[in-house]
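So the number in this note's numbering is just where the residue sits in the sequence shown, counting from 1, plus 45.
We put the beta carbon where it would ideally sit given N, CA and C, even for glycine.
Keep in mind it's a predicted model, so treat the numbers as computed, not measured.
Worksheet: the structure to be examined is printed underneath.
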Amino acid sequence: MSDKYDVIVIGGGPGGYVAAIRAAQLGLKTACIDKFTGKDGKAAPGGTCLNVGCIPSKALLDSSKHFHHLQHDYADHGINVKDASIDISKMIERKDGVVKKLTGGVSQLFKGNKIDFFHGTGSLGAGRKVTVNPADGGDAQEITADNVILASGSVPISIPNVAFDGEYIIDNEGALDLTETPKRLGVIGAGVIGLELGSVWKRLGSEVTLLEAMDSFLPVADADISRQAAREFGKQGLDIRLGTLVRSASVVDGEVVVTLEDKDGESQLTFDRLLVCVGRKAYTEGLLQDGSGVELLDNGQIKVDDHSRTTADGVWAIGDCVRGPMLAHKASEEGVAVAELIAGKPAHIHFDTVPWVIYTDPEIAWVGKTEKQLKDEGVAYRSGSFPFAANGRALAGGSGSGLVKMLADEETDEILGVHIIGTNASELISECVVTMEFQGASEDLARIVHAHPTLSEAVHEAALHVDGRAIHRGN
Ligand code: FAD
Ligand code: NAD
46 MSDKYDVIVI GGGPGGYVAA IRAAQLGLKT ACIDKFTGKD GKAAPGGTCL
96 NVGCIPSKAL LDSSKHFHHL QHDYADHGIN VKDASIDISK MIERKDGVVK
146 KLTGGVSQLF KGNKIDFFHG TGSLGAGRKV TVNPADGGDA QEITADNVIL
196 ASGSVPISIP NVAFDGEYII DNEGALDLTE TPKRLGVIGA GVIGLELGSV
246 WKRLGSEVTL LEAMDSFLPV ADADISRQAA REFGKQGLDI RLGTLVRSAS
296 VVDGEVVVTL EDKDGESQLT FDRLLVCVGR KAYTEGLLQD GSGVELLDNG
346 QIKVDDHSRT TADGVWAIGD CVRGPMLAHK ASEEGVAVAE LIAGKPAHIH
396 FDTVPWVIYT DPEIAWVGKT EKQLKDEGVA YRSGSFPFAA NGRALAGGSG
446 SGLVKMLADE ETDEILGVHI IGTNASELIS ECVVTMEFQG ASEDLARIVH
496 AHPTLSEAVH EAALHVDGRA IHRGN
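See the structure below:
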């Protein structure tokens with residue numbers, strides 16, 4: 046392989062591999078270095094997202110949802126199945142197969158785009174010189190480029206006195222690879238991972254207790270949505286304990302004993318497994334040599350400007366290792382934008398319209414501002430909403446819970462935020478993102494023909510309701 050490139054990307058997650066592909070499409074001679082090793086001992090580009098994040102969690106969410114429906118919902122349809130059982134190792138094997146197909150796909154894309162891939166650790170020195178230490182322990186190699194893109198991702202945060210051991214006290218990787226359903230699963234942090242992976246194991250039969258430090262539930266979402274979500278998850282049997290501080294956890298005779306403090310004082314709970322998911326932090330270990338010129342912020346993130354330029358000339362950084370939401374699609378779009386900027390094209394990301402999705406059942410999705418944010422900012426707005434309980438398709442499919450809520454500027458009617466809790470919220474949010482990206486108004490969505498019967502009619506009705514003219518609900 047060559048030792049001089051136009052672009053070297055360090056990190057092959059959804060930020061890095063997408064940046065590399067876009068750079069190659071633009072005619073730039075590109076290399077990508079990624080150190081992740083798959084279960085088969087081979088390179089597995091795709092980062093956290095493909096290997097131990099977005100994709101495997103969704104595979105398990107889907108498997109566990111089928112099992113749950115089989116046990117609890119199909120009888121309503123007249124479908125009776127006796128003695129349903131779940132083979133956890135088969136479920137994990139299927140998940141691993143999905144992961145392998147996708148990471149293999151990234152390797153093929155690298156080949157197809159003539160990107161040189163290095164399986165190993167890359168570290169940046171002065172003058173955009175990168176040292177590659179191969180994963181197989183071979184000799185280090187030095188390569189250089191006119192531009193280097195850092196895309197090293199993130200790792201889970203740990204909390205004091207609760208040490209990960211990979212068996213009893215686990216992070217997302219452990220929770221995606223359990224070999225049997227724990228009878229009692231403790232989860233520290235009722236955030237996105239806690240809710241998604243807590244749901245997986247709850248559906249498979251665990252008693253799941255989520256210990257959340259904050260007094261409010263899911264404060265990142267709009268309050269109407271969080272309230273409804275708390276009700277739904279409570280009905281499903283997820284035991285969410287707010288205002289609970291975990292002081293320590295230790296493994297005693299094959300059980301995890303957690304000491305916690307809440308409004309009633311100190312107490313202990315015992316679990317079979319404890320999942321710690323209290324957020325993630327930028328990962329830059331071994332990434333930067335002395336003299337690289339790349340500065341870090343106090344929180345460990347790589348310091349970048351609005352166009353992802355670091356403090357070193359010709360060095361860029363994207364994805365989870367920099368500011369902004371830790372989301373795969375945000376990382377990828379930053380990767381595309383940086384590759385285009387390097388190629389001399391104009392590129393820009395509109396962070397205000399990055400959608401969020403939580404893949405629980407019902408799903409939660411939003412884009413733009415919450416009602417509280419608008420109030421805090423003193424923005425005058427109108428609000429419309431529509432419940433899925435009045436949507437024909439939702440009822441026909443047996444998923445009549447949840448709602449769509451739309452917030453629009455009082456004067457201009459521009460949509461400022463859309464918040465959805467319900468089946469397929471992850472897909473429904475897209476038309477709202479598109480409308481907001483074009484600075485569209487609720488009136489624009491209200492005048493667009495939506496197919497009947499579809500869940501998207503709830504978005505249409507919420508838009509109509511902003512103007513007090515929803516058809517299928519009182520205004
Ligand atoms: P990463 O995906 O972390 O990739 C970084 C890569 O760089 C890794 O392979 C790492 O090994 C490698 N690397 C690091 N340092 C070096 C080095 N020095 N040399 C070589 N290689 C290096 N986001 C969503 O949008 N939707 C979801 O549904 C979703 N689900 C998630 C579920 C879970 C359980 C988790 C943990 C995360 C989830 N996320 C989701 C978040 C998403 O995974 C991240 O936002 C995304 O992966 C960030 O992409 P990235 O490219 O910045 O970093
Ligand atoms: P999170 O920030 O979503 O949730 C962490 C939760 O832990 C918060 O509610 C926080 O108040 C709580 N917490 C923090 N310290 C605590 C303590 N000491 N004791 C008890 N609770 C504590 O973080 P996460 O769930 O670890 O996920 C990390 C990130 O990964 C997410 O923020 C998101 O960016 C990404 N992710 C995205 C998706 C998705 O897009 N569907 C899925 C999973 C993860």
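- Taking 6 angstroms as the cut-off, the C-beta of VAL321 does not count as close to any heavy atom of the ligand NAD.
- In the DSSP assignment, PHE155 falls outside any beta strand (DSSP E) and lies within the alpha helix (DSSP H) extending over 133-157.
- Assigned with DSSP and collapsed to three states, HIS374 falls in helix.
- Restricting attention to VAL296, ALA275 and SER293, the CA atom closest to the CA of LEU287 is found in ALA275.
- A heavy atom of the ligand NAD is found nearer than 6 angstroms to the CB of GLU257.
- Only residues of its own chain outside the window of five on either side were considered, and among them ALA64, ILE194, SER353, TRP361 and ILE363 have a CB closer than 7 angstroms to the CB of VAL383, listed in chain order.
- Taken through DSSP and simplified to helix, strand or coil, ALA357 comes out as coil.
- Distance from the Cα of ASP365 is smallest, within the candidate group ALA235, LYS159 and ASN344, for ASN344.
- Buried is the label assigned to SER377, since at least 16 other Cβ atoms lie within 10 Å of its Cβ.
- In the displayed model, HIS505 falls within a helix according to three-state DSSP.
- Approximately 5 angstroms separates the beta-carbon atoms of VAL54 and GLY61; this is inside 8 angstroms, confirming the contact.
- Residue pairing for PHE431: DSSP places it in a beta bridge opposite VAL449.
- If you look at LEU461, you'll find it isn't in any alpha helix (DSSP H); it sits in the beta strand (DSSP E) that goes 460-467.
- Per DSSP, GLN346 has no beta-bridge partner at all.
- GLY91 sits close to VAL151, with the two beta carbons spaced by under 7 angstroms.
- For GLN116, the uninterrupted alpha helix (DSSP H) segment begins and ends at 99-117.
- In this chain, the alpha helix (DSSP H) harbouring LYS280 covers 268-281.
- Rounded to whole angstroms, the gap between the alpha carbons of TYR119 and SER293 is 42 angstroms.
- Sequence-distant Cβ neighbours of THR289 in its own chain, meaning closer than 7 angstroms and more than five residues away, are LEU256, GLU257, ALA258, LEU305 and ASP307.
- One alpha carbon belongs to LEU419, the other to MET451, and they sit about 12 angstroms apart.
- No Cβ-Cβ contact shorter than 7 angstroms links ALA220 with THR82.
- ILE474 is a Cβ neighbour of ALA410, given a cutoff of 7 angstroms.
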